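Residue numbers (the working numbering): 133 to 331.
Here a beta-carbon is modelled for each residue, glycine too, at the ideal position from N, C-alpha and C.
Computed from a prediction, not measured in an experiment: that's the story for all the values here.
To start, the structure under review is shown below, and the notes come after it.
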Amino acid sequence: LSLGVMPYVTASIVIQLSQKVFPFMKEWQEQGEKGKRKINILTRILTILLSLGHGWTFIQMSFGHGLTFSLMKPLLSDFMFQTLFFLTVGVFISVWLADLITSKGLGNGISILIAVGMVDKLYKTFEYLLFANGSETKRILILISYFILLILTIILSSAYLKIPINYAINRNNYKIDKHIPIKLNTSGILPIIFADAFF
């Protein structure tokens, strides 16, 4: 499960963006359940391709070789094939768990698994900061910076602008507060997902 659900999330985003570009995919979207099934199959196929790419990168980085085209030859070895296979299966197990969480009404399964991964990384980061070599002042400043960043992230994620609505004719004698809320951070976590997927 080392790759998590990121290949599936990336594939879903690419497919959603492609629906705006390719007419046949837009037609699938309008076909109802049948079109939705086609889109899901295409998403799964793209997930497999992305899982293989992510898996190969993960293996090369794990061995400390970096990304070089001279390492394409070991891709044909039994070890590489088996490792890529199990990493790809792990992605689909993660997706299945996410669908199971969603179907049980416990929330959005994909978001929960991503949040769990972030919490795990955050724990390891704090563990490194607390036990790494360095002055106490430096550690405290880094921890304070993390908490400030966390607070700013929450504020920016929940903040929105109120655009007032003015009616030409108001037949009511009392004042009605009407406005259109527009989020400051309309892109959400999509930039982070793309950055994590490609870098």
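In terms of Cβ geometry, P139 and L182 form a close pair [threshold 8 Å]. Take G237, set aside five residues on each side of it, and no residue of its chain has a beta-carbon closer than 7 Å to its own.
Per DSSP, the continuous alpha helix (DSSP H) segment holding L261 begins and ends at G241 to F263. The C-beta distance from A143 to L184 rounds to 12 Å, too long to fall under 8 Å, and the pair is not in contact.
In the structure shown, K166 falls within a helical segment according to DSSP collapsed to helix, strand and coil. At the C-beta level, L229 and G239 stay beyond 8 Å of one another. If you compare the alpha carbons of F279, K315 and I191 with that of F213, the shortest gap goes to I191. By the Cβ criterion, the segment 309-319 is in contact with the segment 286-294, since at least three pairs of Cβ atoms, one from each stretch, lie closer than 8 Å.
Annotated three-state conformation of K158 is helix, per DSSP. A direct Cα-Cα distance of roughly 30 Å separates I180 from Y255. Secondary structure note for K236: it is in no alpha helix (DSSP H), with a DSSP letter that is neither H nor E. Setting aside the 5 residues that flank it on each side, G167 is surrounded in the same chain by E159, W160 and Q161, each with a C-beta closer than 8 Å to its C-beta; the list follows chain order. Nearest to V137 by alpha-carbon distance, out of T269, K170, Q151 and T220, is T220. As a beta-bridge residue in DSSP terms, H311 pairs with P296. Per DSSP, the unbroken alpha helix (DSSP H) holding S144 starts and ends at M138 to S150. Under the DSSP assignment, T285 falls in the alpha helix (DSSP H) whose first and last residues are E268 to S290.
Exposed is the label assigned to S290, since fewer than 16 other Cβ atoms lie within 10 Å of its Cβ. The beta carbons of L261 and L275 sit about 6 Å from each other, so the pair counts as a contact at 8 Å. The beta carbon of S226 is closer than 7 Å to those of L133, G136, V137 and L245 in its chain, skipping five residues each way along the sequence.
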